[in-house]
Ligand SMILES: *Cc1c(COP(=O)(O)O)cnc(C)c1O
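In the working numbering, the protein residues as written are 1 to 432.
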């Protein structure tokens, strides 16, 4: 098993060169890691066909969308804008499925209808959404998918569980009778049945979801030909964490879908929607050490990129590996994955005026010192595992910090700027 998040001297040189060329803070994405994860998902065992959709909200940079769709993945979009954005990146609408909380009115409905005619698939996530699109779908012979709220979910934190009673994603099982009656009256058929139980779901829950969803289909959806198990494949960012075993999950899904065929005579195609799993460990935030401080109890290192680069520690208490690299990239001074014992411990803080602006927080928001070799001002502080839900999710204009640039570390080992740093003028351009 490859340790994708192991940080090598090779990587150290690349991030140091990126820092020198484009300034800090910035994001670097390792293309080889993305391609490896794409291959793993495309090669997942299946019974009667597999479509892998990359959940583009994880990271929607057009260059990454191009790499990922060229590797054979389709897309899951979370908003009309995401779908349009993917199309601008060159992805045809018939490779995009829209699963959203948005409810459209006016010109947005016309836009949705236009994209449906271009082949985009739509996954109804509420009765209101279903009703809004039903006449158009029926008139144009378009199948609408349905996202089921299964009543059980799993995520790495409560805020990332999308399937339990405290989240509102999808049409709840208790509403199915109403939905069925409505669909029948309209002459609609549900072929695509979808569940997404949460992000970083534990493997047991993922398997349970496979069983549950197949039984929901067996009992309620006689016309279904496709089952989507959603995303949530767990990625391991820190030492000691375990990533989802994709081949094993695939084998389990295959077996259960074959059993389903044996019981019902129906062959279901399968879909999955990984976001995190595809890009998370490809990403490194490259920041520079600005300052060192000490209180009675605690050492702090202050970097030039914090919550506005990676808000996940503040939002979820997520833990990310931290690497310290000499400013010229010639030395990895400290790595989460080395076996050295360090007696220096520090909280890694950012430069925002916000006490939660730390990369080392626990689930309750307390700053937790991390063991490392003691760095010096000017060293590069690299935060790993930031390829998903960092660039796309961070509150980057807080304290008027500009959105950071994104750089691709290509398979050939070259650095390619794929998004420029935002300027102060751009930050202000819509103010009147
Ligand atoms: C966010 C999302 C995903 C991806 O979740 P990950 O945890 O990043 O794999 C998949 N499907 C839907 C509908 C989503 O909203």
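By construction, the Cβ of each residue, glycine as well, lies at the ideal position given by its N, Cα and C atoms. This one's a predicted model, so the numbers in the text were calculated from it and none came from an experiment.
- The three-state reading of DSSP puts residue 185 in helix, counting H, G and I together.
- Of the other Cβ atoms in all chains shown, fewer than 16 fall within 10 Å of the Cβ of residue 39; this residue is therefore exposed.
- Residue 404 carries a coil assignment under DSSP once its states are collapsed to helix, strand and coil.
- Taking the C-beta atoms as reference points, residue 16 is found no nearer than 8 Å to residue 348.
- Here residue 159 carries a helix assignment [DSSP, helix/strand/coil].
- For the options 97, 298, 172, the alpha carbon positioned closest to that of residue 128 is the one of 172.
- When secondary structure is reduced to three states using DSSP, residue 101 falls in the coil class, being assigned neither helix nor strand.
- In the structure shown, residue 218 falls within a helical segment according to DSSP collapsed to helix, strand and coil.
- For residue 264, the closest alpha carbon among the candidates 243, 221, 301 is that of 221.
- Unbroken alpha helix (DSSP H) runs of no fewer than 4 residues, entirely contained in the segment 273-300, are found at 276-279, following chain order.
- Taking 7 Å as the cut-off, the C-beta of residue 273 counts as close to a heavy atom of ligand 1.
- When distances are taken from the beta-carbon of residue 277 to the heavy atoms of ligand 1, the shortest one is below 7 Å.
- At a cut-off of 3 residues, the continuous stretches assigned as beta strand (DSSP E) that sit fully inside the segment 314-395 are 322-325, 332-334, 344-349, 370-372, 380-384.
- For residue 121, the enclosing beta strand (DSSP E) begins and ends at 121-124.
- Residue 29 has 283, 408 as its beta-bridge partners, per DSSP.
- DSSP links residue 56 through a beta bridge to no other residue.
- Per DSSP, residue 199 is not a residue of any beta strand (DSSP E), being assigned neither H nor E.
- Annotated as distal: residue 151 and residue 196, with beta-carbon spacing of 8 Å or more.
- With at least 16 other beta carbons inside 10 angstroms of its own, residue 351 counts as buried.
- In the DSSP assignment, residue 76 falls within the beta strand (DSSP E) that extends over 74-77.
- With a contact defined as Cβ atoms closer than 8 Å, residue 342 and residue 373 qualify at about 5 Å.
- For residue 379, the closest alpha carbon among the candidates 416, 346, 287 is that of 287.
- Membership of residue 250 in the alpha helix (DSSP H) is indicated by the continuous run 246-264.
- Residue pairing of residue 228 in beta bridges, as defined by DSSP: 194, 271.
- According to the DSSP assignment, residue 417 belongs to the beta strand (DSSP E) that extends over 415-419.
- Between ligand 1 and residue 230, a heavy atom-to-CB distance of less than 7 Å is present.
- Counted as a single uninterrupted DSSP element, the alpha helix (DSSP H) harbouring residue 68 occupies residues 62-70.
- Cβ neighbours of residue 390 within its own chain (closer than 6 Å, five residues either side excluded): 310.
- For residue 85, the secondary structure class from DSSP, reduced to helix, strand or coil, is helix.
- Annotated three-state conformation of residue 147 is strand, per DSSP.
- Assigned with DSSP and collapsed to three states, residue 302 falls in strand.
- Taking a contact to require three or more Cβ pairs closer than 8 Å, the segment 14-28 and the segment 400-416 qualify as touching.
- Counting along the chain, the unbroken alpha helix (DSSP H) around residue 426 starts and ends at 424-428.
- Per DSSP, the unbroken alpha helix (DSSP H) holding residue 128 starts and ends at 127-139.
- A distance criterion of 7 Å places the beta-carbon of residue 391 beyond contact range of ligand 1, judged by its closest non-hydrogen atom.
- Counting only residues of its own chain and dropping the five nearest sequence neighbours on each side, residue 57 has a CB closer than 7 Å to the CB of 78, 82, 275, 392.
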